[in-house]
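Colleague:
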Amino acid sequence: MPKERRSSRPPGDSRPAFARPPGAPSPDYDDDQYGDPRTAPRNSQHRDRRKAKESPAASPADRDRRRRHHSRQASSPTKDRAKYSSGASANSGSHLLSADALSKLNAHNQGARYDEKRDKDKRQRKEYKNIKTAPDPVHRKRKRKNRDVSGAVLEEGRGKRHNRRRESYNEKGAHRRDDPDSRKRRKRIYIFIGIALLLLAILIPVAVVVSNKNKGGGSGSGNASNAGSGSGNASPSNTCDKSDTPADAKGTYTDISTWMDTTDFNCTFTDETVGNLSVMGLYSEWDDSAKANDNVPALKDDWEYGKMPIRGVNIGGWLVIEPFITPSLFNYPASANVVDEYTLTNKLGSRAANTIESHYASFISKDDFQNIRAAGFDHISWRYLLRAIEWCRENGLRVNLDLHSVPGSQNGWTHSGRLGSINWISGPQGSLNAQRSLEIHEQLATFFSQPRYSNIITIYGLVNEPKMIDLPMASVVDWNTQAVSVIRKAGLTRPYLPFGDGFLKLSDWQGEFQNVDDKLVLDTHQYQIFNTGQLPLNHSARIALSCSGYTGLLVASNNPQSGWGPTMDGEWSQADTDCAPFLNNVGVGSRWTGTLNFGSNEDDIKQNYKQFLQMYAEAQMDSFEKVWGWFYWTWKTENAVQWSWMLGLQAGILPEKAYASKFKCGDDVPDFSGLSGSARR
1 MPKERRSSRP
11 PGDSRPAFAR
21 PPGAPSPDYD
31 DDQYGDPRTA
41 PRNSQHRDRR
51 KAKESPAASP
61 ADRDRRRRHH
71 SRQASSPTKD
81 RAKYSSGASA
91 NSGSHLLSAD
101 ALSKLNAHNQ
111 GARYDEKRDK
121 DKRQRKEYKN
131 IKTAPDPVHR
141 KRKRKNRDVS
151 GAVLEEGRGK
161 RHNRRRESYN
171 EKGAHRRDDP
181 DSRKRRKRIY
191 IFIGIALLLL
201 AILIPVAVVV
211 SNKNKGGGSG
221 SGNASNAGSG
231 SGNASPSNTC
241 DKSDTPADAK
251 GTYTDISTWM
261 DTTDFNCTFT
271 DETVGNLSVM
281 GLYSEWDDSA
291 KANDNVPALK
301 DDWEYGKMPI
311 RGVNIGGWLV
321 IEPFITPSLF
331 NYPASANVVD
341 EYTLTNKLGS
351 RAANTIESHY
361 ASFISKDDFQ
371 NIRAAGFDHI
381 SWRYLLRAIE
391 WCRENGLRVN
401 LDLHSVPGSQ
411 NGWTHSGRLG
421 SINWISGPQG
431 SLNAQRSLEI
441 HEQLATFFSQ
451 PRYSNIITIY
461 GLVNEPKMID
471 LPMASVVDWN
481 TQAVSVIRKA
491 GLTRPYLPFG
501 DGFLKLSDWQ
511 GEFQNVDDKL
521 VLDTHQYQIF
531 NTGQLPLNHS
541 ARIALSCSGY
551 TGLLVASNNP
561 QSGWGPTMDG
571 EWSQADTDCA
581 PFLNNVGVGS
591 RWTGTLNFGS
601 NEDDIKQNYK
611 QFLQMYAEAQ
621 MDSFEKVWGW
631 FYWTWKTENA
641 VQWSWMLGLQ
651 AGILPEKAYA
661 SKFKCGDDVP
671 DFSGLSGSAR
681 R
């Protein structure tokens with residue numbers, strides 16, 4: 001067997017990511033620690049699966065082709081070397097005659113290696129389960145009650161289970177194209193995990209220092225004019241005084257001279273940490289007297305969740321990059337295979353840090369939060385960047401802090417950071433990554449338990465969209481239970497904790513995940529465009545589904561006697577087609593093929609279609625407000641109007657104020673007979 005090569009890579013720097021100088025090597029990880037999913041034999045047993053979103057089944061020819069493809073992937077390079085690498089002159093005859101025996105021996109050895117790896121994974125899973133701790137007794141437990149089963153099954157694609165390969169379809173139900181470089185990148189999966197943890201270290205360490213040095217100076221003046229127009233074209237600038245940075249901090253995260261943008265940051269140096277996260281960047285004083293509008297309480301006053309509906313908007317595609325939100329970042333030929341944040345980072349190479357930081361600094365600005373307030377919103381849902389929390393505070397906006405991606409990927413979709421297979425809870429390193437995500441929660445919960453966040457971070461999500469049609473429900477519930485315990489014990493006791501429905505029927509949650517905490521909320525995401533069964537619906541039928549369908553479904557779920565209990569809609573949109581570029585992944589088309597009847601007056605069609613779109617949005621809002629409320633997906637996109645509340649306002653297809661919609665369910669609905677297919681603007 002060939003001797004393993006000695007790595008020429010320098011030893012890894014074991015310091016926390018925020019304390020390492022730029023370019024310093026990260027801690028070393030061995031291949032065995034992260035594993036290679038191709039080394040394990042394929043399991044012939046298929047579990048019963050539910051379909052996440054309706055999509056065409058693979059043809060027998062496609063299945064055969066994929067079997068042959070995976071068979072080639074699983075072939076052993078050791079076998080090939082044994083067959084062809086002899087130095088003898090009679091190489092061909094003797095070695096080909098014994099190829100069968102060699103392959104059997106190799107299969108035996110491969111099986112032994114797999115058995116050893118399987119035993120190791122079992123030990124890790126056992127260790128992961130053993131860390132389970134009892135929920136914090138401070139919190140009142142929800143009582144389990146006898147409940148009637150709800151008959152409402154209206155969520156798209158959440159019907160019977162079907163046997164299919166997990167990795168064959170993406171989030172929206174479209175088949176993924178083969179990736180010629182996937183095998184090489186799977187070998188480097190540890191790089192992705194390292195990047196995910198590094199991003200947390202870069203984005204989170206922005207908190208409070210006890211000095212007010214440079215307050216109001218330079219870029220940190222707090223003026224909206226310094227923060228750009230809110231259109232994504234703000235120019236990052238750094239005008240901080242760098243003179244007080246100690247020599248041993250030069251080149252680390254706390255070296256303010258390395259920050260691309262210092263707008264509204266406190267420039268004072270500090271090496272303090274909370275939860276092992278740096279507390280450099282923000283000021284020690286804060287004011288919670290602001291309120292978003294006259295219909296809601298100020299931040300310092302309690303919000304009556306469950307009685308007062310949430311009207312919120314997500315800040316998506318900002319700190320977790322999504323191709324359909326910012327397609328300009330993915331403007332590469334198909335051969336480059338740039339399809340998610342991971343492959344984008346690889347493609348950018350040495351330019352990645354500056355390109356992505358520029359996106360962080362400019363895609364969302366202070367003006368955006370002022371405009372969100374002006375649009376009548378009262379809550380924000382987004383990822384991590386703490387400067388924006390202070391901008392929310394200034395505008396009286398409460399924050400839903402959501403863990404949108406976790407190490408290993410909870411669903412294998414682009415918005416988890418990397419398109420591919422799931423390696424969280426299940427998969428070669430599923431147990432290890434489940435434990436890592438609990439440790440991330442411990443750090444974040446410790447950090448956000450600081451008094452300055454007690455009135456503003458009122459909702460804290462466990463994990464976004466775990467794909468429970470592929471992940472065992474019991475395992476996800478077990479992880480949820482441990483996450484709640486970790487969060488509460490870290491001191492984050494005030495926020496409500498949403499957990500995802502996992503693309504299961506809402507009625508499947510009846511009686512599940514009980515007696516854990518009195519501030520849990522079931523989070524469902526409702527869209528009508530990813531289910532091929534709903535594509536034929538005409539415009540008036542879509543509004544009817546948004547009213548009677550959603551209302552019945554959600555009200556039943558929200559009632560502890562007929563469903564799980566407190567329920568909110570954490571994502572929805574105005575889109576009536578899936579035609580936005582890259583929505584179904586880069587280079588993938590849409591399910592919807594409609595026609596526009598240009599025989600009618602085009603201006604009338606546009607006006608009629610605008611009327612439908614606003615009524616369609618307001619119908620969904622009315623249904624969601626009958627339970628805990630909603631968060632629209634999303635505030636800003638580059639050009640997908642029906643996915644951007646900001647662009648929708650500009651187009652005149654959304655209410656001027658989120659709390660003042662014109663249409664209510666029960667009002668008369670036109671037949672929209674003048675519209676054929678979807679008459680888009």
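Each residue of the sequence shown is one higher than the last, beginning at 1 in the UniProt record's numbering. Beta carbons are placed, not taken as given, at the ideal position from N, Cα and C, and that holds for glycine.
By Cβ distance, which residues of its chain are closer than 6 Å to Leu419, with the 5 residues on each side in sequence left out?
Modeller: So the list reads Val339 and Asp340, once near-sequence residues are dropped.
Colleague: Going by DSSP, what residue range makes up the alpha helix (DSSP H) through Val669?
Modeller: Here Val669 belongs to no alpha helix (DSSP H), and DSSP marks it neither H nor E.
Colleague: Taking the alpha-carbon positions, what's the Thr634 to Arg373 distance?
Modeller: Distance between the alpha carbons of Thr634 and Arg373: 15 Å.
Colleague: Any idea what DSSP makes of Glu638, helix, strand or coil?
Modeller: In this structure, Glu638 counts as coil in the three-state DSSP scheme.
Colleague: Excluding the 5 residues flanking Asn601 on each side, which residues of the same chain have their C-beta closer than 8 Å to its C-beta?
Modeller: Only weak support is given to the placement of Asn601: the predicted model assigns it a pLDDT of 47, under 50, and the question is left unresolved by the model.
Colleague: Thinking just about the alpha-carbon of each residue, which of Phe330, Ile364 and Leu649 is nearest to the one in Met352?
Modeller: Strictly speaking, residue 352 in this sequence is Ala, with Met absent from that position. Comparing Cα-Cα distances from Ala352 to each of Phe330, Ile364 and Leu649, the minimum goes to Phe330.
Colleague: Name the DSSP beta bridge partners of Glu625, please?
Modeller: Note: Glu625 sits in no beta bridge, so no partner.
Colleague: First and last residue of the alpha helix (DSSP H) that includes Ile356?
Modeller: Its alpha helix (DSSP H) spans residues Ala352 to Ser362.
Colleague: Does DSSP classify Leu282 as helix, strand or coil?
Modeller: Leu282 falls in the strand class under three-state DSSP.
Colleague: My parser needs the beta strand (DSSP E) runs of 3 or more residues fully inside the UniProt domain "Glycoside hydrolase family 5" (384-528); what are they?
Modeller: If we require 3 residues or more, the beta strand (DSSP E) runs fully inside the UniProt domain "Glycoside hydrolase family 5" (384-528) come out as 398-402, 457-461, 497-500 and 520-525.
Colleague: Under a Cβ-count criterion, where at least 16 other Cβ atoms within 10 Å of its own Cβ denotes burial, should Lys664 be classed as buried or exposed?
Modeller: Exposed: under 16 other Cβ atoms inside 10 Å.
Colleague: In whole angstroms, what is the alpha-carbon distance linking Phe269 and Gly317?
Modeller: Roughly 30 Å between the two C-alpha positions.
Colleague: Which one of Gln534, Asp244 and Phe369 has the shortest CA to CA distance from Asp255?
Modeller: Nearest of Gln534, Asp244 and Phe369 to Asp255, Cα basis: Asp244.
Colleague: Counting beta carbon pairs with one atom in the segment 400-415 and one in the segment 271-278, are three or more of them shorter than 8 Å?
Modeller: Verdict: no, contact absent.
Colleague: Nearest-angstrom Cα distance between His359 and Gln510?
Modeller: About 42 Å.
Colleague: Across the segment 467-481 and the segment 581-591, are there enough close Cβ pairs to call them in contact, namely three or more that are closer than 8 Å?
Modeller: As far as the Cβ criterion goes, the segment 467-481 does not touch the segment 581-591, which means the pair count is below three.
Colleague: Within 10 Å of its beta-carbon, does Lys366 have 16 or more other beta-carbons around it, so buried, or fewer, so exposed?
Modeller: By the 10 Å Cβ count, Lys366 comes out buried.
Colleague: Would Pro495 pass as a contact of Asp523 if the rule is Cβ separation under 7 Å?
Modeller: Their beta carbons are not under 7 Å apart, which means Pro495 does not touch Asp523 by this criterion.
Colleague: Where does the unbroken alpha helix (DSSP H) through Ile543 begin, and where does it stop?
Modeller: Taken as a continuous stretch (DSSP letters only), the alpha helix (DSSP H) holding Ile543 covers His539 to Ala544.
Colleague: Any idea what DSSP makes of Asn293, helix, strand or coil?
Modeller: Here Asn293 sits in coil by DSSP.
Colleague: Quick check: what's the CA-CA separation for Asp178 versus Gln607?
Modeller: In this prediction, Asp178 scores a pLDDT of 38, lower than 50, which makes its location untrustworthy; the coordinate-derived value is nonetheless stated afterwards. Distance between the alpha carbons of Asp178 and Gln607: 42 Å.
Colleague: Using DSSP with H/G/I as helix, E/B as strand and the rest coil, what is Lys132?
Modeller: Unreliable positioning characterises Lys132 in this predicted model, as indicated by a pLDDT of 46, which lies under 50. The coordinate reading is nonetheless provided below. Residue state, collapsed to three classes: coil.
Colleague: Candidates Ile459, Asp368 and Arg311: which alpha carbon is nearest Leu520's?
Modeller: The residue with the shortest Cα to Cα distance from Leu520 is Ile459.
Colleague: Pull up the DSSP beta-bridge partners for Trp630, would you.
Modeller: Its beta-bridge partners are Arg311 and Asp569.
Colleague: Skipping 5 residues on each side, what residues in its chain have a beta carbon closer than 7 Å to that of Glu357?
Modeller: Met260.
Colleague: With burial defined as no fewer than 16 other Cβ atoms inside 10 Å of the residue's Cβ, what is the status of Ser673: buried or exposed?
Modeller: Looking at its Cβ environment, which holds fewer than 16 other Cβ atoms inside 10 Å, Ser673 is exposed.
Colleague: CA-CA distance, Gly396 and Lys662?
Modeller: Approximately 25 Å between the Cα atoms of the pair.
Colleague: Using the C-alpha atoms, what's the distance from Phe448 back to Asp288?
Modeller: Going from the Cα of Asp288 to the Cα of Phe448 covers about 16 Å.
Colleague: CB Ala658 to CB Gly376, shorter than 7 Å?
Modeller: Contact flag set, yes.
Colleague: Check for me: the alpha helix (DSSP H) holding Tyr342 runs from which residue to which?
Modeller: Residues Glu341 to Leu348.
Colleague: Would you kindly work out how many angstroms separate the C-alpha atoms of Ile310 and Ser350, rounded to a whole number?
Modeller: Their Cα atoms are separated by approximately 42 Å.
Colleague: Could you compute how far the alpha carbon of Gly565 sits from the alpha carbon of Lys307?
Modeller: Rounded to the nearest angstrom, the two C-alpha atoms are 14 Å apart.
Colleague: Per DSSP, what kind of secondary structure is Asp100 in: helix, strand or coil?
Modeller: A caution first: Asp100 carries a pLDDT of 47, below 50, which makes its placement in the model unreliable, though a value can still be read off. It is helical.
Colleague: Can you find the residues in the same chain that come closer than 6 Å, C-beta to C-beta, to Ser257, ignoring five residues on each side of it along the sequence?
Modeller: The answer, listed in chain order, is Lys242.
Colleague: Note the first and the last residue of the continuous alpha helix (DSSP H) segment covering Tyr550.
Modeller: Note, Tyr550: alpha helix (DSSP H), Tyr550 to Asn558.
Colleague: Lys300: which of Ile456, Tyr342 and Glu618 sits nearest, CA to CA?
Modeller: Selected option, being the one with the closest Cα: Ile456.
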